[in-house]
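Right, one structure below, let's go through it.
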Amino acid sequence: MTFIKKHKLLTICLLLIFILLFLLLANFLISYQMLQISNYGFSDASIENNINLAVIADLHDSSFGEGNSELIEKVREQKPDYIFTVGDMISDYIEDYSYLDTLYEGLSQIAPVYCSLGNHELSHPESEEIKKILNKHATLLDNEYIELELNGTEVRLGGLTQYHPANEEAKAFVADFADTDKFKLLLCHYPEYYIWGLDEVEIDLMVSGHTHGGQVIVPFAGGVFAPEQGWWPKYDYGVFYEENMTLVITRGLGSSKQKAPRFNNPPEILCLTLTPEVDYE
Numbered sequence: 053m054t055f056i057k058k059h060k061l062l063t064i065c066l067l068l069i070f071i072l073l074f075l076l077l078a079n080f081l082i083s084y085q086m087l088q089i090s091n092y093g094f095s096d097a098s099i100e101n102n103i104n105l106a107v108i109a110d111l112h113d114s115s116f117g118e119g120n121s122e123l124i125e126k127v128r129e130q131k132p133d134y135i136f137t138v139g140d141m142i143s144d145y146i147e148d149y150s151y152l153d154t155l156y157e158g159l160s161q162i163a164p165v166y167c168s169l170g171n172h173e174l175s176h177p178e179s180e181e182i183k184k185i186l187n188k189h190a191t192l193l194d195n196e197y198i199e200l201e202l203n204g205t206e207v208r209l210g211g212l213t214q215y216h217p218a219n220e221e222a223k224a225f226v227a228d229f230a231d232t233d234k235f236k237l238l239l240c241h242y243p244e245y246y247i248w249g250l251d252e253v254e255i256d257l258m259v260s261g262h263t264h265g266g267q268v269i270v271p272f273a274g275g276v277f278a279p280e281q282g283w284w285p286k287y288d289y290g291v292f293y294e295e296n297m298t299l300v301i302t303r304g305l306g307s308s309k310q311k312a313p314r315f316n317n318p319p320e321i322l323c324l325t326l327t328p329e330v331d332y333e
């Protein structure tokens, strides 16, 4: 091989390496900063009129514009009827959590906000103060439920904070929550609770986060790793239709101190439209 050919081959190889590194860097940046809207639908006979929901979770220590203005504006653009936040909107190692006040105030000016807690709100040294901020601008459901009308549909809306089959108090709450003919909608940070006992409870719809979409998303294979579920989790993100409930999992907005960074996994605002079930007969 002549010197010119070797030089040309080396140049091509270096160029390809540069392009690959550029694409990898771009993907990392996208996976942390470029907000993505994911749209899902859910139909049920008990739904009277369309209900547009915006779901966010797992902000952790990420920020989208000053005071999370970009996040707030992006949620506003979706024109939700209601906003759900399903936990880990902070990391337990963050000392200054005042941004939560600004964020939830901004969200509450768009639509009514309902929230459940995640493991980081619970383990934060100032957990009780964080709950006060959430209650200031939103309805915090901490192992409790309320009954309300969402666009004409009678709904029992609950927030499940902690659950284990051995925890009799939690089991009693879930059994009480499920004991109704109204549409049952549960906010629960952990989709793993389905595996740990909620698979035996009749719930119409459960909305979760926690998995960060599996951190790294492999095309056609899904998320690589999720807490509690381990490698190649079944419940990584999206919609899962089970016999006793439909489970919706958002990929979330950020990441805590994980062993692997987010990759091929843009921060997500999940938009869920509940619609009446159509009878084609």
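The numbering used here puts the first residue of the sequence shown at 53, with every later residue one more than the last. Backbone N, C-alpha and C fix where the C-beta goes; we use that ideal spot for every residue, glycine too.
{"Query": "Start and end residues, alpha helix (DSSP H) containing Glu181", "Result": "Ser179 to His189"}
{"Query": "Any beta strand (DSSP E) of 3 or more consecutive residues that is wholly inside the region 146-183", "Result": "165-168"}
{"Query": "Residue span of the beta strand (DSSP E) that contains Ser90, given as start and end", "Result": "Gln88 to Asp96"}
{"Query": "Beta-carbon gap between Gly261 and Asp110 smaller than 7 Å", "Result": "yes"}
{"Query": "Environment of Asp256 [buried if 16+ CB atoms lie within 10 Å]", "Result": "buried"}
{"Query": "Which listed residue (Tyr242, Leu159 and Ser175) has its alpha carbon closest to that of Tyr147", "Result": "One detail in the question is off: residue 147 reads as Glu in this sequence, not Tyr. For the residues Tyr242, Leu159 and Ser175, the minimum Cα distance to Glu147 belongs to Ser175."}
{"Query": "Per-residue burial, His241 [other beta carbons within 10 Å of its own, 16 or more giving buried]", "Result": "buried"}
{"Query": "Whether Ile124 touches Leu152 by CB criterion (7 Å)", "Result": "no"}
{"Query": "Status (buried if at least 16 other CB within 10 Å, exposed otherwise) for Ala338", "Result": "Since the first residue of the chain shown is 53 and the last is 333, residue 338 is not available in this structure."}
{"Query": "Residues of its chain near Phe229, where Cβ-Cβ distance is below 6 Å and the 5 sequence neighbours each way are ignored", "Result": "Tyr197 and Gly210"}
{"Query": "Contacting residues, own chain, Cβ-Cβ under 8 Å from Ser114 (five flanking each side not counted)", "Result": "Tyr84, Leu305, Gly306, Ser307 and Pro319"}
{"Query": "Cα-Cα separation, Asp372 to Ala106", "Result": "In the structure displayed, the chain extends from 53 to 333; residue 372 sits before or after that span and is not available."}
{"Query": "Span separating the alpha-carbon of Glu329 from that of Gln130", "Result": "23 Å"}
{"Query": "Nearest to Tyr134 (by Cα), restricted to the options Thr302, Thr263 and Ala190", "Result": "Ala190"}
{"Query": "For Val330, the three-state DSSP class (helix, strand or coil)", "Result": "coil"}
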